[in-house]
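Offset between the sequence shown (1-based) and my numbering: plus 12.
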Amino acid sequence: CYRLGGKQPTVTDANLLLGRIDPDYFLAGKMILDKDASFTAINAIADQLNLSVMDTAQGILDIANAKMADAIRQLTIQKGIDPREFMLVAFGGAGPMHAVFIAEELNITQILVPSAPGAFSAWGMLQSDIRQDAVRTFNAGLANVSHQEVKETYDEMQKEVDSILYKQNIKEEQIEYVKTADLRYSGQEFTVNVAFDQNTVNQASIHTIKEKFHLRHDQIYGHSNPSGLVEIVNLRLAGIGKVKKVLKQHFDFSAKPLKERSVNKATFYGKVYDTCVYDRNRLFYGHKFNGPAIVEELSATTVIPPGYIAWVDSMESIVIEKES
């Protein structure tokens with residue numbers, strides 16, 4: 013659909029055919045998309061699968077959403093974190109188009125789309141602290157390890173980390189440290205990373221980190237062995253240079269009426285709906301609307317399917333929830 017010579021169908025082609033993207037308003041109208049080219053590309057696959065073009069387009073999105081949901085599972089469930097306890101933040105140009113469907117896969121109940129989502133990663137990078145990590149192999153059993161030797165190893169790593177951060181114009185008073193250790197039960201191959209309480213290394217903290225290891229092991233793998241021998245494999249130190257943050261503005265509640273830019277046809281869950289299309293630049297704190305809806309802006313498109321409700325919060329982020 014970009015008219016750049018490609019013949020194979022993409023996720024963007026599928027979104028375009030299903031009405032999630034307006035071919036005449038891509039990049040706020042700065043780029044016109046070729047819907048016929050999308051149809052031709054997807055139709056070639058549909059013929060091979062003996063499916064309709066629209067069912068094939070939906071299948072493309074289902075596979076893409078499932079793969080993105082699986083990536084989140086690997087970052088959460090496999091580390092003992094339940095994604096249902098979190099809000100899904102959707103950013104990038106296409107993230108807000110897929111976020112609700114990914115949240116459905118993960119049973120996440122709230123989605124947040126920040127303002128200017130297409131630039132959110134770049135903005136976040138400029139807001140991020142500067143971090144430098146150091147690691148040392150340190151093979152020892154926790155039962156008889158010398159806390160003084162552990163402390164000396166961390167002191168050595170701290171000098172290494174400081175020297176690098178100083179070269180990046182980070183001052184001593186800006187640096188915070190996080191001390192962690194990779195631990196395992198004797199005989200295991202894999203390790204679990206556990207942090208020292210308040211970054212203090214003494215005999216008491218050695219005992220505490222052992223108890224934390226048993227708990228973390230149980231959270232990740234569903235079992236622990238409090239009587240088992242615990243070994244240190246690596247000591248890790250993160251030096252974090254804190255940078256000044258730019259706080260986002262909070263807006264006043266708006267009395268401006270909510271008005272859609274247009275009403276287009278879009279397909280959700282195999283059915284065609286009249287779908288309200290909103291201009292993101294005309295959505296203000298307090299505005300509330302039901303799906304199906306599409307929110308368009310220069311850097312992204314946000315899709316709210318039927319059965320969901322969206323509202324704009326005081327930072328002009330869009331919050332999306334399933335209707336109760």
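Cβ atoms here follow ideal geometry from the backbone N, Cα and C, with glycine treated the same way.
Alpha-carbon to alpha-carbon, residue j and residue i
{"i": "ARG148", "j": "ARG248", "result": "7 Å"}
{"i": "LEU124", "j": "GLY105", "result": "14 Å"}
{"i": "PHE113", "j": "ASN77", "result": "7 Å"}
{"i": "GLU407", "j": "ILE182", "result": "The first residue shown for the chain is 13 and the last is 336, placing residue 407 beyond what the model contains."}
{"i": "THR314", "j": "GLY107", "result": "8 Å"}
{"i": "LEU15", "j": "ASP194", "result": "Here residue 15 is Arg; the residue named in the question, Leu, does not match the sequence. Taking the straight line from one Cα to the other gives about 51 Å."}
{"i": "ASN3", "j": "ILE332", "result": "Residue 3 is absent from the model: the chain starts at 13 and stops at 336."}
{"i": "VAL324", "j": "GLU201", "result": "48 Å"}
{"i": "GLN86", "j": "ASP94", "result": "11 Å"}
{"i": "CYS288", "j": "ALA69", "result": "21 Å"}
{"i": "LYS257", "j": "ASP141", "result": "9 Å"}
Best match in the options for proximity to residue i [C-alpha to C-alpha]
{"i": "LEU29", "options": "MET43, TYR37, ILE54", "result": "ILE54"}
{"i": "MET395", "options": "HIS219, PHE202, ASP325, PRO304", "result": "The structure shown does not extend to residue 395, since the chain is modelled only from 13 through 336, so no value can be given for it."}
{"i": "THR22", "options": "GLU335, LYS47, ASN214", "result": "LYS47"}
{"i": "LEU39", "options": "GLY92, PHE280, ASP74, ALA128", "result": "ALA128"}
{"i": "ILE33", "options": "LEU310, LYS179, GLN86", "result": "LEU310"}
{"i": "ASP118", "options": "GLY130, LYS91, ASN156, ALA83", "result": "This sequence places Leu at residue 118; Asp is not what is there. Among GLY130, LYS91, ASN156, ALA83, the Cα nearest to that of LEU118 is on ALA83."}
{"i": "ASP286", "options": "ARG294, SER198, LYS277", "result": "LYS277"}
Buried versus exposed call for residue i [16 or more other C-beta atoms within 10 Å across all chains shown]
{"i": "GLY17", "result": "exposed"}
{"i": "MET43", "result": "exposed"}
{"i": "ASP25", "result": "buried"}
{"i": "ASN27", "result": "buried"}
Residue i in three-state terms, based on DSSP
{"i": "TYR233", "result": "helix"}
{"i": "ARG294", "result": "helix"}
{"i": "ARG15", "result": "coil"}
{"i": "LYS339", "result": "Lying before the first or after the last residue shown, residue 339 is absent from the chain, which here runs from 13 to 336."}
{"i": "ASN77", "result": "helix"}
{"i": "SER202", "result": "The amino acid at residue 202 is misidentified as Ser; the sequence shows Phe. Looking at PHE202 - three-state DSSP - the assignment turns out to be coil, as it is neither helix nor strand."}
{"i": "LYS224", "result": "helix"}
{"i": "ILE93", "result": "coil"}
Q: Return the chain-ordered ranges of every alpha helix (DSSP H) run that is complete within the stretch 105 to 188 and spans a minimum of 4 residues.
A: 107 to 118, 132 to 139, 159 to 178
Q) Where in the stretch 38 to 86 do unbroken runs of the alpha helix (DSSP H), each at least 4 residues long, occur, reported from the N-terminal end onward? A) Within the stretch 38 to 86, the complete alpha helix (DSSP H) runs of at least 4 residues are 47 to 61.
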